[in-house]
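J.: Before we start, here is the structure in question, set down as structure tokens.
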Amino acid sequence: MGRAVGLNHQAFTRHLGIIVRDGNICPIRVLAWNKIGEDAKNHMWAAVTKMSKTNTQNRSLKSMPHRTGSKPFRQLAYEMDEICEVVLEDSSLSNIQLVEKCFGPQRHDHIFSHGGGVRPKDVRGPIASKQELHHENVTLREKMNNMESEFKVFKELMLKILPPNAQVKAHKQLVKNNRMKVHRHKSNW
Numbered sequence: 670m671g672r673a674v675g676l677n678h679q680a681f682t683r684h685l686g687i688i689v690r691d692g693n694i695c696p697i698r699v700l701a702w703n704k705i706g707e708d709a710k711n712h713m714w715a716a717v718t719k720m721s722k723t724n725t726q727n728r729s730l731k732s733m734p735h736r737t738g739s740k741p742f743r744q745l746a747y748e749m750d751e752i753c754e755v756v757l758e759d760s761s762l763s764n765i766q767l768v769e770k771c772f773g774p775q776r777h778d779h780i781f782s783h784g785g786g787v788r789p790k791d792v793r794g795p796i797a798s799k800q801e802l803h804h805e806n807v808t809l810r811e812k813m814n815n816m817e818s819e820f821k822v823f824k825e826l827m828l829k830i831l832p833p834n835a836q837v838k839a840h841k842q843l844v845k846n847n848r849m850k851v852h853r854h855k856s857n858w
């Protein structure tokens with residue numbers, strides 16, 4: 670009871686706090702609201718209504734609603750230009766990578782332009798656990814070992830089928846291909 674509620678309750682209570690702390694508007698020596706005289710209350714009410722009328726007039730003169738908080742439009746325009754430049758440079762970036770490149774790394778509890786409550790893992794997707802990564806690593810190693818054993822079998826079969834001088838050329842080509850495959854496979858780890 671006795672508290673402001675509604676859409677603009679924060680601004681209203683903030684303004685009332687300013688009025689109460691102003692010694693020219695509100696008497697400082699009074700300890701309770703019921704001890705303040707009617708003339709002082711009327712004076713405070715006049716200050717509140719005057720500010721309200723001024724704000725209403727100013728709001729009616731605006732051509733575009735301001736929905737960016739305390740950030741000025743020139744700052745928004747600068748940030749938008751920066752985003753456009755980065756997109757033109759590298760269009761393959763995801764939205765999160767783009768924001769991190771323009772505005773720096775995101776905090777663990779907040780993502781730029783998503784508001785409170787949204788965490789980076791909610792946008793990026795779940796991160797695999799250590800156990801899942803270990804399991805994937807084991808299966809990939811098994812696949813690689815199977816491929817290497819199949820390669821040896823194919824190599825032996827080919828060397829048996831080809832004539833001796835073609836075997837040398839084929840062997841060199843197989844070794845070269847094998848090195849390239851192993852190198853590519855290791856770089857993917």
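Sequential numbering from 670 applies to the sequence shown in the working numbering.
We treat Cβ as the ideally placed atom computed from N, Cα and C, and that holds for glycine.
Quantities reported herein were computed from a predicted structural model and do not represent experimental measurements.
1) Distance check for Q679 and A673, CA to CA, integer angstroms please.
2) Would you kindly work out how many angstroms separate the C-alpha atoms of K829 and L809, rounded to a whole number?
3) I need the straight-line Cα distance from T706 to G686, nearest angstrom please.
4) Flag this pair as touching only if the segment 751-766 and the segment 715-734 have three or more C-beta atom pairs under 8 Å; answer yes or no.
5) What did DSSP end up calling I752 once you bin it into helix, strand or coil?
6) I need the straight-line Cα distance from E769 to E805, nearest angstrom please.
7) Which class does D791 belong to by DSSP, given the choice of helix, strand or coil?
8) Expressed to the nearest angstrom, what Euclidean distance is found between the alpha-carbon atoms of G738 and N677?
T.: On the basis of the data shown:
1) Pairing A673 with Q679, the inter-Cα distance amounts to about 8 Å.
2) K829 and L809 have their C-alpha atoms roughly 30 Å apart.
3) According to the sequence provided, residue 706 is Gly. The question's Thr does not apply to it. Near 18 Å, if we compare the C-alpha coordinates of G686 and G706.
4) The answer is no - the segment 715-734 does not touch the segment 751-766, with fewer than three Cβ pairs under 8 Å.
5) Looking at I752 - three-state DSSP - the assignment turns out to be helix.
6) Distance between the alpha carbons of E769 and E805 is about 29 Å.
7) Helix at D791.
8) Cα to Cα, G738 sits roughly 14 Å from N677.
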